[in-house]
Each structure stands twice: as C-alpha cells, then as structure tokens.
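**Student:** Dropping a structure here in structure tokens format, bear with me for questions.
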Amino acid sequence: MDKFDFGVFIGRFQPLHVGHEHVIARTLEQVERLIVLVGSANVARDPRNPFTYAEREAMLRAAFRHEVAQGRLIIAPIGDHLYSDTAWVTQVQRKVRALVLEHGNGRGFQNHGLSDFRVALAGYGKDASSFYLKLFPEWENLQVDSQYGTFSSSDVRQRYFQRIPEVPASILSAGVTDFLREFMLSETFKALLEEAEFLAAYPAQWGTGPFVTADAVVVQSGHILLVERGRAPGKGLLALPGGFVNPAERIRDAAIRELREETAISDGKGQIPPAMLASFIEDARTRVFDAPSRSLRGRIITHAFLFRLPERRKLFSVKGGDDAAHAQWYRFGDLSPEMLFEDHWAIIEEMADL
Numbered sequence: 078m079d080k081f082d083f084g085v086f087i088g089r090f091q092p093l094h095v096g097h098e099h100v101i102a103r104t105l106e107q108v109e110r111l112i113v114l115v116g117s118a119n120v121a122r123d124p125r126n127p128f129t130y131a132e133r134e135a136m137l138r139a140a141f142r143h144e145v146a147q148g149r150l151i152i153a154p155i156g157d158h159l160y161s162d163t164a165w166v167t168q169v170q171r172k173v174r175a176l177v178l179e180h181g182n183g184r185g186f187q188n189h190g191l192s193d194f195r196v197a198l199a200g201y202g203k204d205a206s207s208f209y210l211k212l213f214p215e216w217e218n219l220q221v222d223s224q225y226g227t228f229s230s231s232d233v234r235q236r237y238f239q240r241i242p243e244v245p246a247s248i249l250s251a252g253v254t255d256f257l258r259e260f261m262l263s264e265t266f267k268a269l270l271e272e273a274e275f276l277a278a279y280p281a282q283w284g285t286g287p288f289v290t291a292d293a294v295v296v297q298s299g300h301i302l303l304v305e306r307g308r309a310p311g312k313g314l315l316a317l318p319g320g321f322v323n324p325a326e327r328i329r330d331a332a333i334r335e336l337r338e339e340t341a342i343s344d345g346k347g348q349i350p351p352a353m354l355a356s357f358i359e360d361a362r363t364r365v366f367d368a369p370s371r372s373l374r375g376r377i378i379t380h381a382f383l384f385r386l387p388e389r390r391k392l393f394s395v396k397g398g399d400d401a402a403h404a405q406w407y408r409f410g411d412l413s414p415e416m417l418f419e420d421h422w423a424i425i426e427e428m429a430d431l
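Residue numbers for the sequence shown follow my numbering, beginning at 78 and rising by one.
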C-alpha cells in the first residue's frame with residue numbers, strides 16, 4: 078500500500094520519551110509527512126504540565142532534526158478545552174486542515190482540498206487517555222505497538238520531581254536527558270518541586286474530596302477582577318477570587334464572602350456590603366465546573382457566579398487580602414490562558430462569553 082499523505086499524532090509529551098519517539102519513527106515509515114500536535118499548550122506550568130510548548134517543541138526538534146529539516150515532521154500546538162470535547166475536536170480538525178493544505182499544496186500541488194489527501198491518525202491505545210483515537214472517524218487509523226512497555230510520562234515526572242531527582246536516561250533520548258538535568262538547576266524546577274510536595278501531602282491532611290468551592294467572576298467596563306495567588310499551589314498565577322465553602326454556609330454566600338476577603342472591593346465610599354454585591358449577581362449565568370481533573374489537589378467542584386458591576390470610567394477599588402498576594406483589574410485583551418490557575422481561564426471563557 079502507498080504511504081499516507083499525512084499522519085497525525087497527538088500527545089502532551091511531558092516530557093518526550095522513547096515510547097513517543099518509537100511511535101513517531103514507525104509512523105514516519107508509513108506517511109509522507111507527520112503532523113505532531115503538542116497538547117496542553119495553553120496552560121500554566123504545574124507538576125502535571127511542567128514544560129512549556131516551546132520546551133517540548135525543542136525536545137521533538139532535537140530528537141527528529143533531520144525529519145524536521147526535510148519538512149517531514151511538522152510540529153504545532155493545541156490547547157486544552159476541559160469542558161468541551163467538541164471544541165477540542167474542532168480545534169484539532171481546523172489545525173490539521175490548515176497544515177495539510179499549507180504543506181500539501183506547497184509540495185507540487187495547487188488548490189487541493191483536504192479530501193484530496195489521505196490522512197491517518199497515529200497512536201497506540203494504551204489506556205483511557207487515548208480516547209481521542211475514536212473522535213476522528215474521517216481519518217484512517219494507524220495503530221503502532223509500543224516496544225517499551227507500559228511506562229508513561231507521568232512515571233518520569235514522579236521520579237523527577239523529588240528532593241534527589243532521578244532522570245531516567247534509559248527511557249529518554251540524550252537531548253531530553255540533558256534538558257532535564259539542566260532544568261533541575263533552575264528556580265522554576267524548585268517552585269514545581271515545592272508544589273509537587275504540597276500536592277503529595279494534601280490528601281493526608283485534607284482527604285481527596287469531593288470538595289465544594291465558590292468562585293466570583295467579577296466584570297466591569299471590559300475588565301475582570303483577579304487575584305494573584307500568594308502560595309502553593311499556583312503561587313504567582315492569576316485566579317478568580319474564591320475558596321472553599323464553610324460547613325454552615327450557602328454556596329452563593331461563600332462566593333460573596335471570598336470576594337470581599339480577597340479583594341476588599343470598594344466603591345470609593347467603603348467596602349461594598351454583601352447585600353449590594355449579591356444584587357450584582359446574574360443568577361442565570363451561575364455555572365458548575367466539575368471536570369474530575371480540574372485540580373491536582375483532589376476532586377474539587379466549583380460553582381462560579383457572574384457579578385456584573387455597573388459600567389463606569391473609574392473601576393471599583395480593590396486590594397489583596399487573605400491568601401491573595403494582590404488583587405487587580407485586568408483588561409480581557411491582556412490575558413492569556415497560561416497566566417491563569419487551574420481551569421480558571423476556561424471558567425472565564427464560559428462565564429464572560431469570550
């Protein structure tokens with residue numbers, strides 16, 4: 078059988094290991110060009126996603142420099158859509174379509190459509206995380222068996238984020254091994270290690286949940302009110318004002334309390350009382366965000382409330398309090414997903430109609 082025109086391989090590569098490289102190498106034997114889509118490209122660093130898209134792209138380029146130079150390996154980012162498989166699938170379809178038409182029509186073809194190219198989705202159905210292999214029936218399926226056992230990137234991360242880190246060179250290529258050894262000397266590694274230790278100890282102290290939290294999505298005149306987290310997890314990241322619901326407290330009241338505690342929001346005459354803040358809530362826009370993987374701390378289900386403050390040239394004054402290092406208004410256009418804690422960008426997108 079002739080080679081496929083394009084293959085598509087999707088992964089997070091946190092980090093790239095020899096199992097990934099085996100699948101890529103075997104797939105390249107069966108396709109003219111392979112599109113590698115690097116997932117979770119729009120999230121902040123945490124122990125589950127410690128490496129940026131640029132760092133993972135560099136790992137892939139180093140491992141397959143000849144294929145990249147020849148134009149046979151095409152690397153591109155895709156972001157997470159935690160609450161919509163449809164949005165994620167649409168993003169992948171659009172990305173692949175654009176890359177196929179760009180690289181296909183640039184290699185001696187002119188004005189061909191996507192249907193003129195044979196596309197195959199490559200992968201190995203190792204576990205539930207490979208469910209995406211069933212989401213693209215329009216592409217042929219190209220299964221590649223792994224010859225490296227059942228280890229995963231999570232195994233590498235677990236051994237790496239320790240007080241005495243282990244870089245398992247036997248399952249990593251030389252370039253990735255060198256990167257990890259250099260990375261462990263950085264302040265970023267130290268911060269991630271601190272967060273990993275905090276998360277490892279969290280269940281023993283608090284349990285695994287489910288927990289109930291409330292978040293305030295406060296908008297005014299094209300701005301949103303955010304706090305900077307002052308401690309782990311997510312120290313230094315932006316977040317919605319919010320927190321855990323007290324045992325004798327209604328969820329709506331918890332959102333108002335946390336908003337006042339973390340931002341001291343004031344109209345210039347004094348801190349806004351709870352009853353007035355409650356009047357700004359758009360009840361029809363209240364949402365529950367319950368993705369099982371939304372927090373590394375455990376099963377945390379949050380309820381988000383949209384507070385739409387009156388439009389005015391001078392925004393209400395705020396200042397950080399409680400466990401928030403800072404509270405500040407941000408223009409929507411100045412924000413990007415990797416600036417936000419956990420799934421707060423997804424919450425903002427849904428609640429503020431971005």
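By construction, the Cβ of each residue, glycine as well, lies at the ideal position given by its N, Cα and C atoms.
Alpha carbon to alpha carbon, how far is residue 308 from residue 433? Give it in angstroms, no decimals.
**Tutor:** Beyond the ends of the chain as shown, which are 78 and 431, falls residue 433; an answer cannot be given.
**Student:** Please return the same chain residues whose Cβ sits closer than 7 Å to the Cβ of residue 280, not counting the five positions on each side in sequence.
**Tutor:** For residue 280, where only same-chain residues beyond five positions count, the Cβ hits under 7 Å are 375.
**Student:** Tell me whether residue 326 is buried or exposed, calling it buried when 16 or more other Cβ atoms sit within 10 Å of its Cβ.
**Tutor:** Exposed is the call here.
**Student:** Whether or not the region 276–290 and the region 251–262 are in contact is what I'm after, with contact meaning three or more pairs of Cβ atoms, one per stretch, closer than 8 Å; do they touch?
**Tutor:** With a cut-off of 8 Å, the region 276–290 and the region 251–262 do not count as touching, because too few Cβ pairs lie within range.
**Student:** Quick check: what's the CA-CA separation for residue 84 versus residue 138?
**Tutor:** Each residue's Cα considered, the two are about 17 Å apart.
**Student:** Between the Cα of residue 352 and those of 212, 369 and 332, spot the shortest distance and give me the residue it belongs to.
**Tutor:** Of the candidates 212, 369 and 332, the one whose C-alpha sits nearest the C-alpha of residue 352 is 332.
**Student:** Ends of the beta strand (DSSP E) at residue 379?
**Tutor:** First-last of the beta strand (DSSP E) with residue 379: 377–385.
**Student:** Look up residue 192 in the DSSP assignment and say whether it is helix, strand or coil.
**Tutor:** Of the three classes helix, strand and coil, the one that applies to residue 192 here is helix, per DSSP.
**Student:** Starting from the C-beta of residue 130, find all residues in its chain whose C-beta is less than 7 Å away, skip the five residues before and the five after it, and write them out in chain order.
**Tutor:** Taken in chain order, the residues that qualify are 115, 118 and 154.
**Student:** List the DSSP bridge partners of residue 290.
**Tutor:** DSSP, once it has assigned bridges, lists 321 and 379 as partnering residue 290.
**Student:** Shortest alpha-carbon distance to residue 427 belongs to which of 365, 394 and 377?
**Tutor:** The shortest Cα separation from residue 427 among 365, 394 and 377 belongs to 365.
**Student:** Could you tell me which whole beta strand (DSSP E) segments of length 3 or greater appear in the region 249–316?
**Tutor:** 288–297 and 300–306, all fully within the region 249–316.
**Student:** Do three or more CB pairs link the region 89–97 to the region 228–238 at distances below 8 Å?
**Tutor:** Yes: at least three Cβ pairs fall under 8 Å.
**Student:** Which ranges would you report for the alpha helix (DSSP H) in the region 209–244 if only whole runs of at least 4 residues count?
**Tutor:** As far as the region 209–244 is concerned, its whole alpha helix (DSSP H) runs of at least 4 residues are 230–237.
**Student:** Which word fits residue 297, buried or exposed, when buried means at least 16 other C-beta atoms lie within 10 angstroms of its C-beta?
**Tutor:** With 16 or more Cβ atoms within 10 Å of its Cβ, residue 297 is classed as buried.
**Student:** Between residue 287 and the ligand HEM, is the CB less than 6 Å from at least one heavy atom?
**Tutor:** The model on display carries no ligand, and the ligand HEM is accordingly not part of it.
**Student:** Do residue 335 and residue 398 have their C-beta atoms closer together than 7 Å?
**Tutor:** Cβ distance not < 7 Å, so residue 335 and residue 398 don't count as in contact.
**Student:** Can you list, in chain order, the residues of its chain whose CB lies under 7 Å from that of residue 328, leaving out five sequence neighbours each side?
**Tutor:** Correct list, in chain order: 289, 291, 322 and 380.
**Student:** Along the beta strand (DSSP E) that carries residue 93, what are the first and last residues, could you check?
**Tutor:** Careful: residue 93 lies outside any beta strand (DSSP E) and carries neither H nor E.
**Student:** Is the Cβ-Cβ distance between residue 414 and residue 406 less than 7 Å?
**Tutor:** In this structure, residue 406 does not lie closer than 7 Å to residue 414 by Cβ.
**Student:** Are the Cβ atoms of residue 238 and residue 273 separated by less than 7 Å?
**Tutor:** Yes, these two residues count as a Cβ contact at 7 Å.
**Student:** What residues in its chain sit with their C-beta under 6 Å from that of residue 205, if we drop five residues either side in the sequence?
**Tutor:** Reliability of the predicted coordinates at residue 205 is poor, the pLDDT of 46 falling under 50, and no value is obtained from them.
**Student:** Rounded to whole angstroms, what is the Cα-Cα separation between residue 193 and residue 176?
**Tutor:** Looking at the two C-alpha atoms, the distance is approximately 14 Å.
**Student:** For residue 354, which three-state DSSP category applies?
**Tutor:** Helix at residue 354.
**Student:** My assumption, with CB atoms under 8 Å, is that residue 217 sits in contact with residue 81. Please give the rounded CB distance.
**Tutor:** Rounded, the Cβ-Cβ distance is 7 Å, consistent with contact.
**Student:** Across which residues does DSSP place residue 403 in a beta bridge pair?
**Tutor:** Residue 403 is bridged to 305.
**Student:** Hey, is residue 270's beta-carbon within less than 7 Å of any beta-carbon in chain C?
**Tutor:** Here chain C cannot be found, since the structure has a single protein chain.
**Student:** Rounded to whole angstroms, what's the CA-CA distance from residue 100 to residue 247? Just pull it up for me.
**Tutor:** Taking the straight line joining both Cα atoms gives about 17 Å.
**Student:** Please report the Cβ distance between residue 149 and residue 174, rounded to the nearest whole angstrom; I am assuming they are in contact, meaning their Cβ atoms lie under 8 Å.
**Tutor:** Not confirmed; about 19 Å, so no contact.
**Student:** Going along the chain, which residues of its own chain have a beta-carbon closer than 8 Å to the beta-carbon of residue 389, five neighbours each way excluded?
**Tutor:** Counting only Cβ-Cβ distances below 8 Å, and skipping sequence neighbours, we find 297 and 298.
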